[in-house]
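Here's the structure, in structure tokens; my notes come after.
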Amino acid sequence: MFEQDDDIVERMIRQLRRPVSIDPGLDARVMGEIAAAAQPGKRRTWPWLAAAAAVLAVMVVAHPWALDSGTSRADAFQFVLVAPQAGSVSLVGDFNDWDPARSPMHTAHGVWATVVPLAPGRYRYAFLVNGVEWRADPAAPNAIDDEFGTPSSVVTVAGRGS
Amino acid sequence: MIIVALLLATQVAVQDPRLERLDPETRSSVIAIVDSAREMGLPSEPLVQRALEGATKGAAAPRIVAAVRRLAADLGTVRTVLGARASTPELEAAVAALRAGASVPVLASLRDARRGPLTMTLSVLADLVASGVPPDSAAAVVLALAPNARDVDLVEFRRAVERDIALGAPPAAAAAVRVNAGARPGTAASRP
Amino acid sequence: MGIDRVETGDAELVRRIRAGDIGAYGALVARYRDRLGRYAVHMIGDREDAEEALQDSFVRAYRSLERCNDPARFGAWLYGILVNRCRTTGARAARRRRLFVHDVEALNGTPHPDAMERLEWTDAVERALARLAPEYREAFLLKHVEDLEYEEIAELTGDGISALKMRVKRAREQLQKFLREAEHV
């Protein structure tokens, strides 16, 4: 209990030097932001961003929970997949009725991205590449129970008071 | 009144246009399961989503129906444990935990250990098992955390464990549940 | 993320990015994420704000990549961007301090005295750090946790070496005091 003065600071330094694990989804968010701005010859604001903003506006009006999630980042989730060879990528999951037409992803330089507003809850989802190939999200936990023979991932959104 | 409510519930399932993506036979089987689930007070949305997932993935009808039926049964089980006031996200997370190997007594203990929503707690348990942590270890660790950790702490814990596993720690060690009192583990995985 | 994890040096990755291979930036992000994240988390003291600062810094670094004069020292240049970004968050986050449950080892088994003591220590460390003036905390973390040389710290912060040395010394003195106080509660 009675350490040398210096030792206690050294102990603190050892504690602080421990590795800190950052959300690996951060990589995807960074790449998504960069890709969104990288389209040559286009305006900075993508059509889908405007559409997402419109959806968010609707969600805020219709669902009061959307107002108190803190920062705007808490409501809108960006999903990113790096797939340079893909011709098309869709995001499908419990939040969009598994409908590939609802959240087509947009690409720049092989980085595919889309933004989806999510209410608190736990969602299974996956990426559908070229309309035929199912891919889980490498940056997310795997869904355990896969009853249809294809990989899926999980995103859990905390709610109020969590 | 009850009959009217049941009729209304049936109406809801029949009128859900999303289910039209299913072929007629599959659709009627799924509707029947959804309706009886609603009669028991279970949420229908997870069941509809599971059916739609199967439809999108081109699964055969029997597989879709079996998946929806199994989910309905599991929702019933977890609702018995968590109580009628459990939210749909909590129930879905509880099903994931159940399928990850958490027993009913474990779910009951988690329910008792924590004030507030259980969604993240149960989700993290399921996610840990998905990363390879043995179910018993995952359950014990989450039970230890449940009383005091906030949701954001649980998420950080899960990421830390996944990171250690990615760096080569055996999953059980990464979650490292030690029962011996006073034992100080020397887990290499968490050292810089 | 589908990016090849080949051991390529920073300079080569920067070269590729400048030639148009955006995906190569993902490799740099993955390489520096946790290390820079550690600094951001301890400097800002709030996990969400720290990740936001980190994300912003990575994006900012990408957008100003042509200003990185020595690609082989991309990491140090990136640190400079992060340190500056953390300075603007500091005031906002100062009112919130949280217990970080990121120490897996501390949570073994059911909470028994050792584990609780461990959590209290982690908490005491973060609280002591939070009580330091931002410029002291910054200098202390860069020197003792991130292991930078005074010359490097001077370069990225724009402060003089002797001023930095004084801040680190004062930081140590104050931390000693705060930690002792925490012990006797």
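Residue numbers (this note's numbering), protein chains in the order written: chain F, 1 to 162; chain L, 1001 to 1192; chain U, 2001 to 2185. Think of the CB as a built atom: it goes at the ideal place given N, C-alpha and C, for glycine as much as any other residue. Model, not experiment: these values are computed from the prediction.
Simplified DSSP assignment, three categories, for residue i
i: G1054 of chain L; result: helix
i: E102 of chain F; result: The question names Glu, but residue 102 of chain F is Arg in the sequence shown. Note: R102 of chain F maps to coil in three-state DSSP.
i: E33 of chain F; result: helix
i: L91 of chain F; result: strand
i: S1087 of chain L; result: coil
i: G121 of chain F; result: strand
i: F2140 of chain U; result: helix
i: L1019 of chain L; result: helix
i: A1108 of chain L; result: helix
i: T1026 of chain L; result: helix
i: N130 of chain F; result: coil
i: T2008 of chain U; result: coil
i: N2084 of chain U; result: helix
i: T150 of chain F; result: coil
i: L2179 of chain U; result: helix
i: P1060 of chain L; result: One detail in the question is off: residue 1060 of chain L reads as Ala in this sequence, not Pro. Coil at A1060 of chain L, not helix or strand.
i: R135 of chain F; result: strand
i: V157 of chain F; result: strand
i: V1081 of chain L; result: helix
i: V20 of chain F; result: coil
i: L81 of chain F; result: strand
i: A1175 of chain L; result: helix
i: A113 of chain F; result: strand
i: A2130 of chain U; result: helix
Proximity below 8 Å, CB of residue i to CB of residue j
i: A1100 of chain L; j: L1107 of chain L; result: no
i: M1040 of chain L; j: G1076 of chain L; result: yes
i: G110 of chain F; j: P84 of chain F; result: yes
i: E2019 of chain U; j: G2037 of chain U; result: Strictly speaking, residue 2019 of chain U in this sequence is Ala, with Glu absent from that position. Result no, Cβ atoms of A2019 of chain U and G2037 of chain U do not sit closer than 8 Å.
i: L1019 of chain L; j: I1031 of chain L; result: yes
i: L91 of chain F; j: Y125 of chain F; result: yes
i: V80 of chain F; j: A119 of chain F; result: no
i: V1133 of chain L; j: A1166 of chain L; result: no
i: F2074 of chain U; j: D2010 of chain U; result: yes
i: T1127 of chain L; j: P141 of chain F; result: The sequence given here has Asp at residue 1127 of chain L, not Thr. For D1127 of chain L and P141 of chain F, yes; Cβs fall inside 8 Å.
i: A1113 of chain L; j: A1146 of chain L; result: yes
i: I13 of chain F; j: V2145 of chain U; result: yes
i: F95 of chain F; j: V129 of chain F; result: no
i: E147 of chain F; j: A1067 of chain L; result: yes
i: G2045 of chain U; j: A2182 of chain U; result: no
i: V157 of chain F; j: G121 of chain F; result: yes
C-beta neighbour in chain U for residue i, strict 8 Å
i: D116 of chain F; result: Here residue 116 of chain F is Val; the residue named in the question, Asp, does not match the sequence. V116 of chain F does not count as touching chain U.
i: V154 of chain F; result: no
i: P141 of chain F; result: no
i: P84 of chain F; result: yes
i: R43 of chain F; result: In this predicted model, R43 of chain F has a pLDDT of only 39, less than 50, meaning its place in the structure is not dependable enough to derive any value.
i: I144 of chain F; result: no
i: L26 of chain F; result: yes
For residue j and residue i, believed in contact at Cβ under 8 Å, the rounded distance
i: A1094 of chain L; j: S1137 of chain L; result: Not a contact, Cβ separation roughly 19 Å.
i: I2022 of chain U; j: I34 of chain F; result: 6 Å
i: L1082 of chain L; j: L1047 of chain L; result: Going by Cβ atoms, the distance from L1082 of chain L to L1047 of chain L rounds to 17 Å, so no, they are not a contact pair.
i: A2171 of chain U; j: L2132 of chain U; result: 6 Å
i: A1102 of chain L; j: P1135 of chain L; result: 7 Å
i: G32 of chain F; j: A113 of chain F; result: 4 Å
i: A2139 of chain U; j: L2164 of chain U; result: 5 Å
i: L1022 of chain L; j: A1051 of chain L; result: 6 Å
i: E2151 of chain U; j: A2076 of chain U; result: Not confirmed; about 11 Å, so no contact.
i: A2124 of chain U; j: C2086 of chain U; result: About 22 Å separates the two Cβ atoms, so there is no contact after all.
i: V1142 of chain L; j: V1124 of chain L; result: 6 Å
i: W134 of chain F; j: Q1049 of chain L; result: Not quite, the Cβ-Cβ distance comes to about 16 Å (not below 8 Å), so this is no contact.
i: Y2062 of chain U; j: L2156 of chain U; result: Actually they are not in contact, since the Cβ atoms of Y2062 of chain U and L2156 of chain U sit about 18 Å apart, beyond 8 Å.
Cutoff 8 Å: residue i Cβ touching any chain F Cβ
i: Y2150 of chain U; result: no
i: L1052 of chain L; result: yes
i: V2014 of chain U; result: no
i: Y2025 of chain U; result: yes
i: V1129 of chain L; result: yes
i: D2034 of chain U; result: yes
i: E2051 of chain U; result: yes
i: A1073 of chain L; result: no
i: E1020 of chain L; result: no
i: R2067 of chain U; result: no
i: V2083 of chain U; result: no
i: I2161 of chain U; result: no
i: T1026 of chain L; result: no
Residue i CB to nearest heavy atom of the ligand GDP below 7 Å
i: P84 of chain F; result: This structure lacks the ligand GDP; in fact it carries no ligand of any kind.
CB contact below 8 Å: residue i versus chain L
i: S21 of chain F; result: yes
**Prompt:** If you scan the stretch 1117-1158 of chain L from start to end, which runs of the beta strand (DSSP E) of 3 or more residues do you find wholly inside it?
**Reply:** Fully enclosed beta strand (DSSP E) runs of 3 or longer: not present.
**Request:** Anything in the stretch 90-115 of chain F with a Cβ closer than 9 Å to a Cβ of chain C? List those residues in chain order, please.
**Result:** Going by chain labels, chain C is absent from the structure shown, which instead holds the protein chains F, L and U.
**Item:** Whole runs of the alpha helix (DSSP H) within the stretch 2018-2088 of chain U, excluding any shorter than 4 residues
**Value:** Considered as a whole, the stretch 2018-2088 of chain U harbours 2023-2044, 2047-2063 as its complete alpha helix (DSSP H) runs of no fewer than 4 residues, in chain order.
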